[in-house]
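Colleague: Chains as they are written, first to last, in the numbering used here: chain A, 21 to 260; chain B, 21 to 260; chain C, 21 to 260; chain D, 21 to 260; chain E, 21 to 260; chain F, 21 to 260.
There are 6 protein chains.
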Amino acid sequence: MPRLLGRASDAMRPVSFTVDVSKHAEGSCLVKFGDTHVLCTASVEEQVPSFLRGSKRGWVTAEYGMLPRATTTRTDREAAAGKQSGRTQEIQRLVGRALRAVTRLDGFGERAVKVDCDVLQADGGTRTASISGGYVALYLAFEHLKAIGVVKEIPLRTAVAAVSCGIVKGVPCLDLDYDEDSKAEVDANFVVTGDGKLVEVQGAAEGAPFERAQLDRMLDLALKGCAELVLAQRAALKLA
Amino acid sequence: MPRLLGRASDAMRPVSFTVDVSKHAEGSCLVKFGDTHVLCTASVEEQVPSFLRGSKRGWVTAEYGMLPRATTTRTDREAAAGKQSGRTQEIQRLVGRALRAVTRLDGFGERAVKVDCDVLQADGGTRTASISGGYVALYLAFEHLKAIGVVKEIPLRTAVAAVSCGIVKGVPCLDLDYDEDSKAEVDANFVVTGDGKLVEVQGAAEGAPFERAQLDRMLDLALKGCAELVLAQRAALKLA
Amino acid sequence: MPRLLGRASDAMRPVSFTVDVSKHAEGSCLVKFGDTHVLCTASVEEQVPSFLRGSKRGWVTAEYGMLPRATTTRTDREAAAGKQSGRTQEIQRLVGRALRAVTRLDGFGERAVKVDCDVLQADGGTRTASISGGYVALYLAFEHLKAIGVVKEIPLRTAVAAVSCGIVKGVPCLDLDYDEDSKAEVDANFVVTGDGKLVEVQGAAEGAPFERAQLDRMLDLALKGCAELVLAQRAALKLA
Amino acid sequence: MPRLLGRASDAMRPVSFTVDVSKHAEGSCLVKFGDTHVLCTASVEEQVPSFLRGSKRGWVTAEYGMLPRATTTRTDREAAAGKQSGRTQEIQRLVGRALRAVTRLDGFGERAVKVDCDVLQADGGTRTASISGGYVALYLAFEHLKAIGVVKEIPLRTAVAAVSCGIVKGVPCLDLDYDEDSKAEVDANFVVTGDGKLVEVQGAAEGAPFERAQLDRMLDLALKGCAELVLAQRAALKLA
Amino acid sequence: MPRLLGRASDAMRPVSFTVDVSKHAEGSCLVKFGDTHVLCTASVEEQVPSFLRGSKRGWVTAEYGMLPRATTTRTDREAAAGKQSGRTQEIQRLVGRALRAVTRLDGFGERAVKVDCDVLQADGGTRTASISGGYVALYLAFEHLKAIGVVKEIPLRTAVAAVSCGIVKGVPCLDLDYDEDSKAEVDANFVVTGDGKLVEVQGAAEGAPFERAQLDRMLDLALKGCAELVLAQRAALKLA
Amino acid sequence: MPRLLGRASDAMRPVSFTVDVSKHAEGSCLVKFGDTHVLCTASVEEQVPSFLRGSKRGWVTAEYGMLPRATTTRTDREAAAGKQSGRTQEIQRLVGRALRAVTRLDGFGERAVKVDCDVLQADGGTRTASISGGYVALYLAFEHLKAIGVVKEIPLRTAVAAVSCGIVKGVPCLDLDYDEDSKAEVDANFVVTGDGKLVEVQGAAEGAPFERAQLDRMLDLALKGCAELVLAQRAALKLA
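#1: Within 8 Å (strictly less), CB to CB, does Q141(B) reach chain A?
#2: Just to confirm my understanding: we take G145(A), look at its own chain, exclude 5 residues before and 5 after, and list those with CB closer than 7 Å. What are they?
#3: Show which residues of chain E have a CB atom less than 8 Å away from the CB atom of G102(F).
#4: Taking Cβ-Cβ distances below 9 Å as the criterion, which residues of the region 203-214 of chain A are in contact with chain F?
#5: Can you pull the chain D residues whose beta carbon is under 9 Å from the beta carbon of S150(C), in chain order?
#6: Does L165(D) come within less than 8 Å of chain C when only Cβ atoms are used?
#7: With 8 Å as the C-beta to C-beta threshold (strictly closer), list the residues of the region 52-70 of chain D near chain C in chain order.
#8: At what residue ranges does the region 55-139 of chain E contain a whole run of the alpha helix (DSSP H), taking only runs of 4 or more?
#9: Taking just the CA atoms, how far does Y159(C) sit from H44(C)?
#10: Looking at the secondary structure, which residues open and close the alpha helix (DSSP H) in which I151(A) lies?
#11: Kindly say whether G223(C), judged by its beta-carbon, lies nearer than 8 Å to any beta-carbon of chain B.
#12: Hey, how far is the Cα of L24(C) from the Cα of G245(C)?
#13: For A45(E), return the contacting residues in chain F, with the cut-off set at a CB-CB distance below 7 Å.
#14: Specify the secondary structure class of K244(A) as computed by DSSP and reduced to three states.
#15: Mind listing the chain C neighbours of D199(D)? Cutoff is C-beta to C-beta under 9 Å, in chain order.
#16: Three or more C-beta pairs closer than 8 Å, one from the region 166-174 of chain E and one from the region 229-246 of chain D: is that the case here?
#17: Have a look at C49(A), V122(A), S36(A) and flag the residue whose alpha-carbon is nearest the alpha-carbon of C137(A).
#18: Identify whether D207(C) lies in helix, strand or coil by the three-state DSSP scheme.
#19: Which residues bound the beta strand (DSSP E) around E220(C)?
#20: Determine, using beta carbons only, whether G144(C) comes closer than 8 Å to chain B.
#21: Please report the residue range of the beta strand (DSSP E) in which K52(F) lies.
#22: Give me the Cβ distance between A208(E) and F37(E), rounded to the nearest whole Å; I'm assuming they're in contact under 8 Å.
#23: Which of helix, strand or coil does DSSP assign to L194(E)?
#24: Between which two residues does the beta strand (DSSP E) containing S184(C) stretch?
#25: Is the shortest distance between the beta-carbon of K244(A) and the beta-carbons of chain F less than 8 Å?
#26: Determine the direct distance from the alpha carbon of R131(B) to that of A225(B), and round the result to whole angstroms.
#27: Quick check: the Cα distance between P192(C) and D199(C), rounded to an integer number of angstroms?
#28: On the DSSP letters alone, give me the boundaries of the beta strand (DSSP E) that S42(D) sits inside.
#29: To which residues of the same chain is T123(B) closer than 7 Å at the C-beta, ignoring the five residues directly before and after it?
#30: In the DSSP output, what is S36(D) paired with across the bridge?
#31: Does any residue of chain D bring its CB to less than 8 Å from the CB of R97(C)?
#32: What are the partner residues of V212(D), as DSSP defines its beta bridges?
#33: What's the gap between the Cα of A179(F) and the Cα of P22(F)?
#34: Using the rule of at least 16 other Cβ atoms within 10 Å of the residue's Cβ for burial, across every protein chain shown, is S152(B) buried or exposed?
#35: What is the DSSP secondary structure of L176(B), reduced to helix, strand or coil?
#36: State the Cα-Cα distance for the pair S42(D) and L239(C), rounded to the nearest angstrom.
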């Protein structure tokens, strides 16, 4: 099965991180994984959730949304429906955990950073793009706090990025687009740090159950893809 | 009181309409009034609300949303709060009425067009930008229906645009930005057709009540501003 | 087109303000614009919203409701539906703004007055009756505060009243009833102070867009109607 | 303990039923038990709930609401809170059961009658006034259906009325007002038919548990009170 | 009409109270009235509702729920529906009142006890089983507070139990199962203390209104049934 | 770090599946993983979701809930809060996917089976117990459909079970209890079929990111644990 535009099974779609796209946010990044576009903003608030008051620790959370016509056919607005779907909640919990995994929560005082990931256009992999772009927005917000003297060092231990993999017609593939995703036998998401360690692994059979060896092969691909993403993040952040 | 960047009291901010920004929507437009950026998409659905079934008439509605960090400080997500604010509902009802006022509802069969206006960045005038950009997205969706042979003519009688005016420190001004808006003594929004007629007039005292003559002066400004917006819409739509 | 009961196009329906209709409320008024009946109560609370704490300023808000069978056919109860409609929220925001526009918010301490406008029977013009009757209830509540020594003077700069106008079969008419309203080409609401200044102007095309001259003519009618309403308010309040 | 205005322990407060108070409803009644005023409307709908479709039977339900300032201090609007309280639901279920108990549900076709009981002013006994006034509104709606030829006979087997009783400082009392109710050791509500049978009995200890003999004595009072209410209902309905 | 398994009209179904069924709760009891099984837990919280802060008094409330397949056919989960039904709220208010009626609220400091009654399997009488089992859980929670030295005496004046009665085919019966309940002409619930006094009486005609004598007969049965329940409670609690 | 009761790092807690615990459900199972107790019922409904109408395919979904005092300290009831938490939705989606992965959806007509998993007592691993017990309830429901002649064969391809693993103080451990779970550096859940294939893998760093080798070691443990669970399921179902 040839991939779109002759992409190899172990190749990412074209990836870009455009920084500072918001006039207001402390950090912001428009991330593109092919036709999947996510606007990520990081907002610093001078207050932590009640369970952290007095702890001298900060907190990082994420929220996720999708514009109604980000999708092929229009999806009803969650604000109109009166609640966030289970899928939305699952994704924003995942993004939050991923970002907290690389953040030194004792390194920026009793502050909360809220990372909003809003999908402007969807073509598969919105959650992995959100994590990868959310990290860039978060970094920029901390850089801002450093620039104004609130923190001395950026309280991030390493980078974090995420990518999806899948088995499509028997072939393990990296970074599925929507069309591939809807045909995949197995669908997996991997969250990986800048030094190649695992933060989260989620693999699910869409049809028949899968073999341990298939998980291993997808993990190989994911580590390769995340390494590339981390390089692109660093370039966007102008880190040496 | 000098305006930002030496803008005259009867001048619009820089305005742009960028068309076809969405891979999926039948019509789409990114509209900018200065630093106010609204992504407008028009989605065609093959079904009308129940009160129109069997009527051979179509319907046009609008929905409005704001990304959490479109604003100076972060605003809570309406989907998380579980309901749309009164302000949101007021705006989306206004946008819908404005678009229906220029649409021949008997001219595109029993179809519904949903125009989504999502504010990516806010700096005053989000509702007037939504109407002005929403019209462009709606036009493009009808153009698409014409291209695929669903309609013979574009069922729009004329264009529609909208602009805000205000009295700031005693001076009637066109197209207020957020800073001006928050200082204005009177705040008004005008929805005007391509042939200079009125669709909607909304003026409100923010502080002291105002004089009839002030309303007249703001109306002068609005007609001028909307005429300019209609020219820009036509240019974006490549109409002669 | 003759109006019901031979009413002239510039004539109000029979209007009455009956004061002190509630045993419990600090101020109350049953207002009738023809067959539109609204029960208005003003409740004083010894607490302001959080954004005003410590400001030495008070606040005035309004809430609006309609009994299920106030209308020709029964309308579902908003409490059962679990939320207030966009229309309800739009009206109660309008009533609140109108009342605050004539209130000296620094003149009655850190207190909130909540004006409830509940439509017992509807026949067009419920929002304008709510503003006009809500003002009377608010005045009475402040009179009560003065009587018990809480304020020295009634913190109202002037009166406020509101009326609807419309273009019905080409004729500008004052104070539309439900039947006229449903046929009107243009529908407008005007909020006017006791000294003839404008607080809010809202005009909307129901069908074809309208001319500036039509707005002018409706404004003439509205100023006449509101002047009459203010006289009736003063009589009900036994002001010289 | 003397009652207000020298009322005897077995005396009702002044009771009135004013019929046809709504321009729109098929049946309506403003009922007063002293300072408790409830507006009752009966609305006929040409559709039954789904569980009765095809059954040739009709249905009667009730809804209950209280204006925010019906009470001594203002109560938040249930529509704003987004849900009806447990108390509201309990009362409207009670009113519905009481009305259905005397209605021949097979006597008016597949129609639903919704009886809305809205408390304009509360001073104890709002649920018993609602049942008593709701019956009058329901009767009038059926009379309307008879007048227009939809039913041949009024499908009500007998009247229904309700009254509260209580033990106040050891004395069994009929028809408690709010002040008595808040001091009562036992509080009970009785729903009784026109021929003196029981539809519903609800008695609850507010403080110490009570004796069977006390329940008996309250039942004596309730039967007396309901007999008087049924006479007043008949007079209001101009029945011989 | 013979009852199931030859049960006499004045006989309870087999009743059991199994204590300490929860590893976590301060007090717990699995109560069975025949095939009706309710898991009751009592949770002590070191905080009272705001209206009691500073009063040196405690509070007892109850919540009620039913597993989706506790019933003959599956019932939708209230958490998924987004609200508790009127029936649920009515029952949990009843259980709370019943437990508070025998509790010395000034006898355990500013603490709240929440008694959760969750129906694992339903066959009629779930509210009366909840009260009877809830009392046992509450007693055990107080016993726990005594054991750890928080209170010196168990702050309960007497026991409380509840049972349903009904008139089935003209015969007054004690403790109806679901099948009997659905056929009953009259349905009543009685809440009775350990010393035979009444806490709450609720009787309702399901079909034709009923006679006073029938209420009396049901009361006889209820007092007998509750006396038996109180003995079973004492046995389960190992009280002499 | 010794485990409770001397449990080996690769040992499950005592596991039991008690079948047919519900009088009403088509299939039911009380599953215990140590002190974690989950009541699972499978309810057959003669209707599929709208997206499957006319497809001749059935559907299997799961819902998950927790009794308020299943946990160490009481958790608020989701029905009272008015919505299901993100965690609840995430779990019930997982359980549904796991059960569908082994079900032949074309093998039981247009029917839906709803598997309710209600946690009576929680001590870690409630989602894995729910999947494992939910499978048994589902099997029994299908057995019931076979017994009454609705299906010829049980439409399940193989069994499915699930278990959690974690790295606790550096040691990979099988089937964590609550205390271990709260200390674990890595927490993972594995859903495995009766023939040892993977349905879902979810691993997350709770603190520091983890190594690929650790994921491998946890997978070894999970395959061992699930094989034991499948044996216990077969024994409970009396399969050879």
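Where is the CB? At the ideal position from N, CA and C, for every residue including glycine.
Computed from a predicted model, the values in this text were never measured in an experiment.
Modeller: So, to answer that:
#1: Judged by the 8 Å Cβ criterion, Q141(B) is in contact with chain A.
#2: Around G145(A): F53, T56, S184, D195, L196.
#3: G102, K103
#4: V206, A208, V211, V212, T213
#5: Neighbours of S150(C) on chain D: none; closest Cβ ~14 Å, over 9 Å.
#6: L165(D) does not count as touching chain C.
#7: D55, L59, T61, S63, E65
#8: 98-101, 106-121
#9: 16 Å
#10: 146-167
#11: yes
#12: 18 Å
#13: R89
#14: helix
#15: Ordered by position in chain C, no residue passes the 9 Å Cβ test against D199(D), which lies about 13 Å from the chain.
#16: These segments do not touch.
#17: C49(A)
#18: strand
#19: Judged by DSSP secondary structure, E220(C) falls within the beta strand (DSSP E) whose first and last residues are 218-225.
#20: No, no contact with chain B.
#21: 47-53
#22: With 8 Å as the limit, A208(E) and F37(E) do not qualify as a contact, their Cβ atoms being about 23 Å apart.
#23: strand
#24: 180-188 is the extent of the beta strand (DSSP E) around S184(C).
#25: no
#26: 40 Å
#27: 15 Å
#28: That residue, S42(D), is in no beta strand (DSSP E); it is neither H nor E in DSSP.
#29: V80, P175, L176
#30: K52(D)
#31: yes
#32: Beta-bridge pairing links V212(D) to A181(D), L218(D).
#33: 32 Å
#34: buried
#35: In the structure shown, L176(B) sits in a strand (DSSP, three-state: E or B).
#36: 33 Å
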